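**Student:**
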Amino acid sequence: MMKNIIILLVLGLSFSLNAQKKDRHEHIKALKVPFLTEELELTPAEAEKFWPIYNVYDNAMNDLRIRERALFQEKFSESGSKNNLSEKESEKFMTEYKDIIKRKYQLESELMDDLSKKLPASKMVFLPEAEHKFGKKLWEEYKKRKNNK
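Quick note on numbering: the sequence shown equals residues 1062 to 1210 in our numbering.
Below you can see the structure in the form of structure tokens.
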């Protein structure tokens, strides 16, 4: 009986943590939409074309970031010290990491190709800088909130 209760608690906690991660990603997306729309000076008609394409890309990139974080967590202990990995385990991590890097590049390339078919290049050329600016702003806000605690 006690074992079943513990299993239910662990499952409930894992579902809760996954929901929190999804909520956090959705919150970031909600901030990103007006930011990128304004930075890229998208008209309402352009935004209608841009966001469905970008959202598919953003979700795929988020999945890759989750995979990358999981790899990192496997390489290090909870205290932050390096785990002792065999050569075979290390090679496996390297292969997985290279796959993630390749997929990120492929996604970025596909995004630009897809967007350039539907939107002016004169606006899309500024997307990488707008994304970087958003990430920087998000990081600064995070640091500010962390320092205020």
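Quick reminder that beta carbons are idealized off the backbone N, C-alpha and C, glycines included.
Keep in mind that this is a model prediction, so the values were computed, not measured.
Work out the CA separation of Phe1111 and Tyr1118 for me, nearest whole Å.
**Tutor:** Translated into positions along the sequence shown, residue 1118 becomes position 57. Translated into positions along the sequence shown, residue 1111 becomes position 50. Taking the straight line from one Cα to the other gives about 11 Å.
**Student:** Under 8 Å by Cβ, that's how I've got Lys1136 and Lys1143 pegged, so tell me the actual separation to the nearest angstrom.
**Tutor:** Reading the sequence shown from its first residue, position 75 is the one you call residue 1136. Reading the sequence shown from its first residue, position 82 is the one you call residue 1143. About 7 Å separates the two Cβ atoms, so the contact holds.
**Student:** Could you give the DSSP three-state label for Phe1137: helix, strand or coil?
**Tutor:** Mapped onto the sequence shown, residue 1137 falls at position 76. Secondary structure of Phe1137 (DSSP, three-state): strand.
**Student:** Counting along the chain, where does the alpha helix (DSSP H) carrying Asn1209 start and finish?
**Tutor:** The count along the sequence shown starts at 1 and reaches residue 1209 at position 148. Judged by DSSP secondary structure, Asn1209 falls within the alpha helix (DSSP H) whose first and last residues are Leu1188 to Asn1209.
**Student:** What does DSSP give as the partner residue(s) for Lys1143 in the beta ladder?
**Tutor:** To locate residue 1143, count along the sequence shown from 1; it is residue 82. Answer is Phe1137.
**Student:** Count the other C-beta atoms from every protein chain shown that fall within 10 angstroms of the C-beta of Tyr1219, then say buried if there are 16 or more, exposed otherwise.
**Tutor:** Outside the shown range of the chain (1062 to 1210) lies residue 1219, about which nothing can therefore be said.
**Student:** Could you pull the start and end residues of the alpha helix (DSSP H) that Glu1157 belongs to?
**Tutor:** Locating residue 1157 in the sequence shown gives position 96, where the first residue counts as 1. Its alpha helix (DSSP H) spans residues Glu1148 to Lys1179.
**Student:** Does the ligand NAD have a heavy atom nearer than 8 Å to the CB of Pro1095?
**Tutor:** By its list of ligands, the structure shown contains no ligand whatsoever, and the ligand NAD lies outside what it can speak to.
**Student:** Mind checking Ala1191: buried by the 16 CB within 10 Å criterion, or exposed?
**Tutor:** As a first step, residue 1191 must be located in the sequence shown, where it is residue number 130. By the neighbour-count rule (16 or more Cβ atoms within 10 Å), Ala1191 is buried.
**Student:** Is the distance from the Cβ of Glu1212 to the Cβ of Lys1184 below 9 Å?
**Tutor:** Residue 1212 is absent from the structure shown; the chain starts at 1062 and stops at 1210.
**Student:** Cα separation between Glu1109 and Lys1179?
**Tutor:** To locate residue 1109, count along the sequence shown from 1; it is residue 48. To locate residue 1179, count along the sequence shown from 1; it is residue 118. Near 10 Å, if we compare the C-alpha coordinates of Lys1179 and Glu1109.
**Student:** Would you report the Cα separation of His1088 and Val1094, rounded to the nearest angstrom?
**Tutor:** Sequence index remark: in the sequence shown, residue 1088 carries index 27 (1-based). Sequence index remark: in the sequence shown, residue 1094 carries index 33 (1-based). Counting only the Cα atoms, Val1094 lies some 10 Å from His1088.
**Student:** If we ignore side chains and look at the alpha-carbon of each, how far apart do Glu1150 and Leu1125 end up?
**Tutor:** For the purposes of this step, residue 1150 is identified with residue 89 of the sequence shown, where counting begins at 1. For the purposes of this step, residue 1125 is identified with residue 64 of the sequence shown, where counting begins at 1. If you draw a straight line from the Cα of Glu1150 to the Cα of Leu1125, it comes to about 20 Å.
**Student:** To the nearest angstrom, how far is it from the Cα of Leu1057 to the Cα of Ile1161?
**Tutor:** Here the chain has residues from 1062 to 1210 only, and residue 1057 is not among them.
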